[in-house]
Amino acid sequence: MTPERCYPYATVLPVLVVVALFTVYPLLYSAHLSVHENVLTRPLDHDFVGLQNFREVVTGYYFWRSLWSTAIFAAMAVAAVALYGLGTALLLNQALLGSALLNVVVLLPWAIPTVISGIIWRWIFDGDYGVLNGLLLVTGVVNRYVPWMSQTFTARLCMVVAHVWKQGPLAAVFLVAALQVIPPALYDAAHIDGASRSKAFRFVTLPYLKPTLALVLIYETIVAIATFDLVYVMTGGGPADATAIIGWYAYTEIFRFLNLGHGAALALILGVMLLGLVMIYLRAFRSEDAA
Amino acid sequence: MTGGRARRLERVALNVACLGVAFFILAPFVWMLICSFAGEAELTRRPPVFVPTPPTLANYTFIFTGQLPRDPARHGIFVWQTSQEVRLLLPALRNSFIVAMSVMAANVVFGALAAYSFARLRFHGRRSSYAFILISRLMPAVAVAIPFYAIVQQLDLLDTYRALILVYLAFTFPFTIYFLSVYFRYLPAEVEEAALLDGCSRFQTLVRVVVPCAAPGLVAAAAFAFMTAYNEFLFALLLTQTIAAQTMPVLLAAVATNPAVSHALLAACVILAIIPPALLALVLRRYLTRGLVASIAR
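Line by line, the protein sequences are chains S and L.
At position 259 of the first sequence the residue is numbered 259 (the numbering used here), and the sequence of numbers has no breaks.
If you want the numbering used here, it's the position in the second sequence, counting the first as 1, plus 1000.
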């Protein structure tokens, strides 16, 4: 082959090799682990156990508990990110001084590591010395410090706030882009037809926003379900496993209980769940394309 | 006129709402900044001292030089001793930088080469390899944590920069390829054709004609790759064991989950650690926004 004909293969190959090394092989390896006994505290037993790991995981108490915690966290987080993102996007789309200011800072939380956003919010919500408690005390809203992070509901809420702070900007940026392609003539037409601003929002803005909003919702669901860093630094899964969502649960199976078989089975279940969501995501996107 | 007044009121309300959101975004940063100039004793009061007077540089001095504060009572000398790990922040930041810069450079070079081929050339397996690279990104990270560890162990790369760089390349290549090939496809093809007619090879065309035109896209792709590598936590936690390769998020997570941590020292660490990505986000705002918007059509 001439150099010119080799050129495309030579340029694509390095990328392909790196990606394949960390995709195909790991998946096969995970599948292998999941059907064998593999507990690090019993290093000599590696029997083939079929689907036993899956059965043990799925019938376990903690699995359903963590699924429940995951569902609660994901539901709250996705709804909050969508609302906050939409609100911020509508504000960013105005011709105001405030919008210009907001535009400068909006990406900041998105840019910093999730671990750090967890550290910051954990310190703000701290039950002993947190600044939130300090402010509420000074303003007289509470008369003694509230242990936000040690109560089931408030701990979940704290995590959602940290998550929204970090993830919201991304949703807002996507939605602004969608808002900007709405032809202004449509609003003029709605105005001439006597539509109120809320009606214009409902019948002009929302239909245009719908595809992007759907994508944001599904993308954010995936992100929320796969959350790990925040749990690690903020709550360690507590209190009483209230924030032990499934990614964290898989991690503890592997690294606390050293049960690689269980961990791999769990990870694959999580993978299939996320893949299912991705399929829905892609299908939604394709049907929007066709429309 | 009532209409004008209502309109003015609405503008005020919207401006206030903007300020409210900006406050929500900025307040956590501001509080960390304040804490980083405070003594531990001021932060462990109820309520805390909201404005430390006078502000002290002792936290930063300790991180940089290891010098203990002159005013031990204000700084809670006990928690300083249990927070010695913050002295490792600078080596951890150096590790983060080396890894993130390497990932960024490799993404720009190999990513641009491959993306250009995907965008402009016809060759066997083009569609399938492109689809494969994009789909690989949908794989959830936790699902392959153990195998990644095993691969890195087999390559004898545990606790090295190279392991992290390899893994992050596998994470960042898909987005870079997607992003740049879309970008390249939107460039006018005529200039490239002229260069090819003048006897340039594909590689020369890429370097001399395409790269200068695509500079904004390359900058955005580089920034994304840098941030992904700089911010990653799970795999850095798994694949590194000592400060020889431990990156900043791993170190800060360890410091922060220590129950006897000095919050003033931790705050100073956070401020130092977020400077690079925060600067990138502020300076490259426009490029990044455009890139993010392109990425949703993944």
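Think of the CB as a built atom: it goes at the ideal place given N, C-alpha and C, for glycine as much as any other residue.
Model, not experiment: these values are computed from the prediction.
query                                                                                                                                : result
Residue burial classification, Ala290/S (beta-carbon count within 10 angstroms, cutoff 16)                                           : Low confidence applies to Ala290/S: its pLDDT is 47, below 50, so where it sits in the model is not reliable, and the reading given next is rough at best. So Ala290/S counts as exposed.
Under the three-state DSSP convention, the category His262/S falls into                                                              : helix
Met1001/L versus Leu1009/L - alpha carbon distance                                                                                   : In this prediction, Met1001/L has a pLDDT of 48, which is less than 50 and means its spatial position is unreliable; nothing more can be read from the coordinates.
Coil, strand or helix - Phe174/S by DSSP                                                                                             : helix
Exposure of Met159/S, with buried meaning 16 or more beta-carbon neighbours within 10 Å                                              : buried
Val39/S - partner residues in DSSP beta bridges                                                                                      : Asn259/S
Beta-carbon proximity list for Leu1088/L, same chain, < 8 Å, skipping 5 on both sides                                                : Ile1243, Gln1246 and Leu1251
Run of the alpha helix (DSSP H) containing Asp229/S, from where it starts to where it stops                                          : Asp229 to Met234
Where the stretch 2 to 23 of chain S meets chain L: residues whose CB sits under 9 Å from a CB there                                 : Pro3, Glu4, Arg5, Tyr7, Pro8, Tyr9, Ala10, Thr11, Val12, Leu13, Pro14, Val15, Leu16, Val18, Val19, Ala20, Leu21, Phe22 and Thr23
Listed by chain order, chain S residues near Asn1095/L by CB distance under 9 Å                                                      : Simply none; closest approach about 14 Å.
Neighbourhood of Pro958/L by C-beta, 6 Å cutoff - its chain only, sequence neighbours within 5 removed                               : Only positions 1001 to 1298 of chain L appear in the structure, and residue 958/L is not among them; the question remains open.
Rounded straight-line distance, which links the Cα of Leu1265/L to that of Leu1043/L                                                 : 11 Å
Opposing strand residues paired with Phe48/S [DSSP bridges]                                                                          : His36/S
Minimum length 4: unbroken alpha helix (DSSP H) runs contained in the stretch 53 to 105 of chain S                                   : 61 to 92 and 97 to 105
Inter-stretch contact (C-beta, 8 Å, three-pair minimum) for the stretch 131 to 149 of chain S and the stretch 208 to 222 of chain S  : no
Minimum C-alpha distance to Ala1223/L - residue among Met1032/L, Ala1027/L and Phe1097/L                                             : Phe1097/L
Any chain L beta carbon closer than 8 Å to Ser66/S                                                                                   : no
Opening and closing residue of the alpha helix (DSSP H) in which Arg5/S lies                                                         : Pro3 to Leu21
Simplified DSSP assignment, three categories, for Met1001/L                                                                          : Confidence in Met1001/L is poor, its pLDDT being 48 and thus under 50, which makes the residue's placement too unreliable to answer from.
Whole-angstrom distance between Ile1274/L and Phe1024/L, CA atom to CA atom                                                          : 17 Å
Under the three-state DSSP convention, the category Leu1157/L falls into                                                             : coil
Per-residue burial, Gly1199/L [other beta carbons within 10 Å of its own, 16 or more giving buried]                                  : exposed
Other residues of its chain near Trp110/S: CB distance less than 7 Å, five sequence neighbours each side excluded                    : Lys166, Pro169 and Leu170
Test: Gly1076/L CB closer than 8 Å to a CB of chain S                                                                                : no
Contacts around Val272/S, its chain only, beta-carbon distance under 7 Å, and the 5 residues preceding and following it disregarded  : none
Contacts around Arg1298/L, its chain only, beta-carbon distance under 6 Å, and the 5 residues preceding and following it disregarded : For Arg1298/L, the predicted structure reports a pLDDT of 43, less than 50, and the residue's modelled location is therefore unreliable. A value from the coordinates is still provided. Counting only Cβ-Cβ distances below 6 Å, and skipping sequence neighbours, we find nothing.
Minimum Cβ-Cβ distance from Trp148/S to chain L less than 8 Å                                                                        : no
Cβ pair Trp248/S, Gly238/S closer than 8 Å                                                                                           : no
Val1051/L, DSSP secondary structure in three states                                                                                  : coil
6 Å CB neighbourhood of Phe48/S in its chain, flanking five on each side removed                                                     : His36
For Met1101/L, three-class secondary structure by DSSP                                                                               : helix
Residues near Leu86/S in its chain [Cβ-Cβ closer than 7 Å; skip 5 each side]                                                         : Leu175
Beta-carbon spacing of Ala82/S, Ala224/S below 8 Å                                                                                   : no
Inter-residue Cα distance where the pair is Thr355/S and Thr1176/L                                                                   : Outside the displayed span of chain S (1 to 291) sits residue 355/S, for which this structure offers no information.
Neighbour-count burial assignment, Thr243/S, 16 or more Cβ in a 10 Å radius                                                          : buried
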